[in-house]
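Taking the numbering used here, the leading residue of the sequence shown gets 1, the next gets one more, and so forth.
The beta carbon of each residue, even a glycine, is placed where N, CA and C say it ideally should be.
No experiment lies behind these values; they were computed from the predicted model shown.
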Amino acid sequence: MSKRSILYVFRRPVTKEIENAYQHDSPRDIFYGLTEINKYCAVKVSDKVFKSRTLLFSQHLLNIFVTKFITLGFSLFPAIYLLKDLNRSDIIFATVDTYGLPIALLKFLKLVRKPLVFNTIGLYDGLLTMKNPLILYFYQQILRAVDHFVAGGSFQECKKLAKMLKFPLSKFSFIPFGIDTDFFTPKKILSNNEILIIGADPSRDWQLYAKIARNFPQETFRVVTYPYIVKHDMPKNVVFEYNLSYLDLRQRIWEAKYLLILSKFNYHFAGQSTAMRAMSCGKAVIFTESPGVEEYQFQNLVHCLKVPVSDEYAVYKAIHFLNTYQAKRSKIERNARRIIVESYSIEKYGQKLRAVFDQIKMELHG
């Protein structure tokens, strides 16, 4: 009996990255469970899209027009280019909104006939930015073609989306991000005594970061991000690094004193992959307790330090705590590693995602 065929649709070419992951040069957790699902199913990826410069340039021109009306990515031309592959697979897994939305449109138009699983972190927050009710109505209609949603942020995001889109909650599954605990593992090396900040998404609270850095002039804050992300003026004790490999990123985590992940208000656990990777490396992490964070098994002062959204004084106290109580910080670091291995590994993620695919197969075949 042949294996079930699942097409993973990414917004970047991944074949070489997957090879690197199997060589332990990068983590397996950047592929949304692909390395685990591949043990049970015939997994294919969407790399052929990125071999056509004409296609990508055409999409770039479309993006210039589309972004005047909507803030969510909509890679329509690549999705159309994948049409044959989409219909040859048993299940389609769109790993990002950028591809999930146009594939949903193609399915709504009956051009795609196969089940679509739509993975998202932050779709609800993205839809909230829609100022035009007609655009929101358009999204509501095409998203009806989605067979199942996998939310990686929180179940609260699932409930918010279900209510907004008027969908049954049974169409949603909350699967927390799973960490490659073999790649992100503790290593005792000489600390550079820096507070590490990692992040490139728009949810990071850079204004609060600047205030905190000014309040701790004796500390060095190292920011790992991409160019042009941070638009706030930062004090001189903030050092920037750009475009690091995962090997270098892990090295920075090992060298850091601890991590600081601050986010604005949103309905998903912004920065969760960064926080959890650092915890897997046995590092203490201070992060924002946005809605949905309470659904995770992370206890404050046991596995991490949680601070309210935009609460400058709470961040100040958390930094003071980690600087002052070394023994307690060490205990938090050990607990952090343990909870990730036990509950939030890539293996756990793969098991839960496989259950979603199995459920869709059962519904199709009775």
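| Asked | Found |
| --- | --- |
| F321 in three-state terms, based on DSSP | helix |
| Straight-line gap, W206 to K110 (C-alpha atoms, nearest Å) | 43 Å |
| Best match in K3, T324, V45, K107 for proximity to R11 [C-alpha to C-alpha] | V45 |
| Rounded C-alpha distance that separates E157 from V238 | 33 Å |
| Every unbroken alpha helix (DSSP H) inside the segment 233-312 [4 residues or more] | 246-255, 272-280 |
| V43 classed as buried or exposed, judged by whether at least 16 other C-beta atoms fall within 10 angstroms | buried |
| Euclidean distance between Cα positions of V112 and L83 | 7 Å |
| Y32, DSSP secondary structure in three states | coil |
| Residues of its chain near N20, where Cβ-Cβ distance is below 7 Å and the 5 sequence neighbours each way are ignored | S26 |
| Pair within 9 Å by beta-carbon distance, V309 and A318 | no |
| S5, enclosing beta strand (DSSP E) - first and last residue | 5-9 |
| Three-state class that DSSP yields for T15 in the structure shown | helix |
| Segment limits, alpha helix (DSSP H) that includes K211 | 206-215 |
| DSSP state of R222 mapped onto helix, strand, coil | strand |
| Euclidean distance between Cα positions of F183 and Y137 | 43 Å |
| Backbone CA spacing between L7 and D180 [nearest angstrom] | 22 Å |
| Cβ distance (whole Å) where R354 is taken to contact Y40 below 8 Å | 6 Å |
| Start and end residues, beta strand (DSSP E) containing L196 | 195-198 |
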